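Please read the structure below before turning to the comments.
Number of protein chains: 2
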Amino acid sequence: MSSPRLEIIPIPGLPEIVPGDDLAGLIIEACQSSLAESSEQLQDHDVLVVSQKVVSKAENKLEQVDPDDPLSHKPLVLRESVRVVRRRGELIISETKHGYICANAGIDRSNMAPGVAALLPDDSDRSAIRIRDAIAGRLGVEVGIIVADTFGRPWRRGLTDIALGCAGIMPILDLRGTDDAVGRELHVTEVCIVDELAGAAELVRGKSDGIAVALIRGVDPAWFGPGGVVTDVVRSPAEDLFR
Amino acid sequence: MSSPRLEIIPIPGLPEIVPGDDLAGLIIEACQSSLAESSEQLQDHDVLVVSQKVVSKAENKLEQVDPDDPLSHKPLVLRESVRVVRRRGELIISETKHGYICANAGIDRSNMAPGVAALLPDDSDRSAIRIRDAIAGRLGVEVGIIVADTFGRPWRRGLTDIALGCAGIMPILDLRGTDDAVGRELHVTEVCIVDELAGAAELVRGKSDGIAVALIRGVDPAWFGPGGVVTDVVRSPAEDLFR
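Listed in order, the protein sequences are those of chains D and X.
Following our numbering, the numbering of the first sequence begins with 2 at its first residue and continues without gaps.
Following our numbering, the numbering of the second sequence begins with 2 at its first residue and continues without gaps.
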């Protein structure tokens, strides 16, 4: 059995995004221009991983903060949070109103004009659906969309990209009940493929290159289907041992 | 600027590993046979992601357990742990003697013969170094090696693959001090590339296909260097807010 390869393709060329921009249209243009260099085009079952930052800019999730005060966005962090989970010095780990648990409620001033902070999209799954539907409508191509952000995590140093929202691709692959290689039943092997795909995309996007989009080609067509990150990945407080 | 693509290539063909096997030699054979189909071969700056399970088998980190009792490995979980972090019913989240925090001390009975449980390698960074050095010695090719396992995480459902150990590739990419796209200094952007690479590899390895190795091609040569997971990624208790 020869399994297919995955290709992780950086898509440069997205212009600086401003509120009201047609983000899906600009992503299509960047993909077409970038893929044309290798005589390729967007196709069914491609997955596009889009940085949260450009989604927030297009959706005008921007707030003015004091450019000279590196802590001036902290009141926004509390406003965007429903509960502080841990606090050490200026670091606030909180549960956001969307349900994510992360530092500073996902509010970010890097790669932003001075005095501007980007908040998370109101509904990143919905943002992903809009981009997916726009691409399906304009190109007739069915892709998966992941809106990705960079989060820390307990117990391990370093950040990784994870999915804030998704559309068209199932967030969790449920391998429970599939036979393992020696023929017995696998127990509780639910793989969060959208987080793994978001992390893979980060590897070609980089942080300082301003590449907001990556295309992942070769994803198993069986992985495309319904589901969202907030409903399927964010753990409910009742089943969470760590808050 | 056109960034290079990453390719994630499954490497099937590793035989069932038994204690004492020359794992590096078998990985080389599987790579050569698999890559030969597309007239390729292992090259400098390839990264090989190897499942913890085959490393544990080769290193004889196996224990007999009662095949009829699904909980018979629980005493091993406590033996391999230095501290229980959370417990709910039969689920034990603990800090292992290596420093990882995970369920069941990483002990696993899936894809194993009945009555056998696989423990984590004693030193996964060392295991990675041995494989890396063997490949360098036999082929003259300098690759990065990641030993990967599947862990859960707080707050988010689904599992992802992470790095237990690495060699030849830097575990954390320190982007602090690099200018971001608008020219100001990035703060605290340390990306755990070995975890993102491990997760990317999982996407082609699957859980039930028995593909224990994936090759990642196209990684930035600047990312190759010293470091290990236990020293560089595992967070010290003093800086950890969640134990």
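Glycine residues also receive a C-beta, built at the ideal position from the N, C-alpha and C atoms.
Just so it is clear, the structure is predicted and the values come from calculations on it, not from any experiment.
Status (buried if at least 16 other CB within 10 Å, exposed otherwise) for residue i
| i | result |
| --- | --- |
| Gln44 of chain D | exposed |
| Ser237 of chain X | exposed |
| Met2 of chain D | Model confidence at Met2 of chain D stands at a pLDDT of 38, short of 50, so the residue's coordinates are unreliable; what they give is reported in the following sentence. Label assigned to Met2 of chain D: exposed. |
| Asp233 of chain D | buried |
| Val19 of chain X | exposed |
| Glu96 of chain D | buried |
| Asp70 of chain X | exposed |
| Ser39 of chain X | exposed |
| Glu91 of chain D | exposed |
| Leu7 of chain D | buried |
| Gly166 of chain X | buried |
| Leu88 of chain D | In the sequence as presented, Leu is not what sits at residue 88 of chain D; that position holds Arg. Exposed: under 16 other Cβ atoms inside 10 Å. |
| Asp23 of chain X | exposed |
| Asp67 of chain X | exposed |
| Pro227 of chain X | exposed |
| Val235 of chain X | buried |
| Pro5 of chain D | exposed |
| Glu81 of chain D | buried |
| Pro11 of chain D | buried |
| Val85 of chain X | exposed |
| Pro16 of chain D | exposed |
For residue i: DSSP bridge partner residues
| i | result |
| --- | --- |
| Cys32 of chain D | The partner list for Cys32 of chain D (beta bridge, DSSP) is empty, contrary to what the question assumes. |
| Arg218 of chain X | X:Glu8 |
| Glu240 of chain X | Glu240 of chain X pairs with nothing; no bridge assigned. |
| Val235 of chain D | X:Arg157 |
| Val192 of chain X | D:Leu160 and X:Leu174 |
Given residue i as reference, the closest of the options once Cα atoms are compared
| i | options | result |
| --- | --- | --- |
| Ala114 of chain X | X:Leu63, X:Asp150 and X:Ile102 | X:Leu63 |
| Ile147 of chain D | D:Arg139, D:Asp134 and D:Ile94 | D:Asp134 |
| Val142 of chain X | X:His46, X:Gly21, X:Ile28 and X:Glu240 | X:His46 |
| Pro13 of chain D | D:Leu198, D:Leu27 and D:Arg6 | D:Leu27 |
| Trp156 of chain D | X:Arg206, X:Glu30 and X:Val230 | X:Val230 |
| Leu198 of chain D | D:Arg88, D:Cys103, D:Val48 and D:Val19 | D:Val48 |
| Gly145 of chain D | D:Asn61, D:Val83 and D:Val214 | D:Val214 |
| Arg244 of chain X | X:Glu8, X:Asp109 and X:Val83 | X:Val83 |
| Met61 of chain X | X:Leu120, X:Ile132 and X:Ala223 | Inspection of the sequence shows that residue 61 of chain X is occupied by Asn rather than by Met. Out of X:Leu120, X:Ile132 and X:Ala223, X:Leu120 has the C-alpha closest to the C-alpha of Asn61 of chain X. |
| Ala129 of chain D | D:Met171, D:Ser73 and D:Lys98 | D:Met171 |
| Ile194 of chain D | D:Ile102, D:Ala168 and D:Leu15 | D:Ala168 |
| Ile102 of chain D | D:Arg110, D:Gly116, D:Ser111 and D:Leu79 | D:Leu79 |
| Arg206 of chain X | D:Ile212, D:Glu203, D:Val220 and D:Ile10 | D:Val220 |
| Leu247 of chain X | D:Trp224, D:Asp23 and D:Val85 | What is shown of chain X runs 2 to 244, which leaves residue 247 of chain X out entirely. |
| Phe152 of chain X | X:Gly107, X:Asn112 and X:Thr190 | X:Gly107 |
| His99 of chain X | X:Ser111, X:Asp126 and X:Pro16 | X:Asp126 |
| Arg139 of chain D | D:Leu242, D:Val50 and D:Glu30 | D:Glu30 |
| Ile136 of chain D | D:Gln42, D:Leu176, D:Gly116 and D:Ile94 | D:Gln42 |
| Arg218 of chain X | X:Leu77, X:Cys32 and X:Leu15 | X:Cys32 |
| Gly116 of chain D | D:Ala59, D:Pro16 and D:Gln65 | D:Gln65 |
| Gly21 of chain D | D:Ala59, D:Leu15 and D:Arg158 | D:Ala59 |
CB-CB length for residue i against residue j, believed under 8 angstroms
| i | j | result |
| --- | --- | --- |
| Ser252 of chain X | Ala149 of chain X | In the structure as shown, chain X starts at 2 and stops at 244, and residue 252 of chain X therefore has no counterpart that could be examined. |
| Ala164 of chain D | Asp124 of chain D | That belief does not hold up - the Cβ atoms of Ala164 of chain D and Asp124 of chain D are roughly 14 angstroms apart, past 8 angstroms. |
| Val192 of chain X | Leu174 of chain X | 5 angstroms |
| Ala201 of chain X | Ala239 of chain D | In fact, because the Cβ distance is near 32 angstroms, the residues do not count as touching under 8 angstroms. |
| Lys75 of chain X | Asp109 of chain X | Not quite, the Cβ-Cβ distance comes to about 13 angstroms (not below 8 angstroms), so this is no contact. |
| Ser57 of chain D | Pro122 of chain D | 6 angstroms |
| Thr190 of chain D | Leu160 of chain X | 7 angstroms |
| Ile9 of chain X | Leu242 of chain D | Actually they are not in contact, since the Cβ atoms of Ile9 of chain X and Leu242 of chain D sit about 32 angstroms apart, beyond 8 angstroms. |
| Trp131 of chain X | Ala25 of chain X | Strictly speaking, residue 131 of chain X in this sequence is Arg, with Trp absent from that position. So it is a contact: roughly 7 angstroms between Cβ atoms. |
| Ala118 of chain D | Leu77 of chain D | 6 angstroms |
| Gly211 of chain D | Asn112 of chain D | 7 angstroms |
| Arg154 of chain X | Arg154 of chain D | 6 angstroms |
Residue i: CB within 8 angstroms of a non-hydrogen atom of the ligand PLP
| i | result |
| --- | --- |
| Ser39 of chain D | Ligands are entirely absent from the displayed structure, and the ligand PLP is therefore not among its contents. |
CB contact check: residue i to chain B, cutoff 9 angstroms
| i | result |
| --- | --- |
| Cys193 of chain D | The structure shown contains no chain B; its protein chains are D and X. |
Output the residue ranges of the alpha helix (DSSP H) runs that lie fully inside the region 17-65 of chain X and measure 4 residues or longer, sorted by chain position. 24-37 and 53-59
For the region 75-125 of chain X, which segments carrying the beta strand (DSSP E) assignment without a break, of at least 3 residues, lie completely within its bounds, in sequence order? 82-89, 92-97, 102-104 and 117-119
In chain order, each alpha helix (DSSP H) run of at least 4 residues that lies wholly inside the region 117-167 of chain X: 125-140
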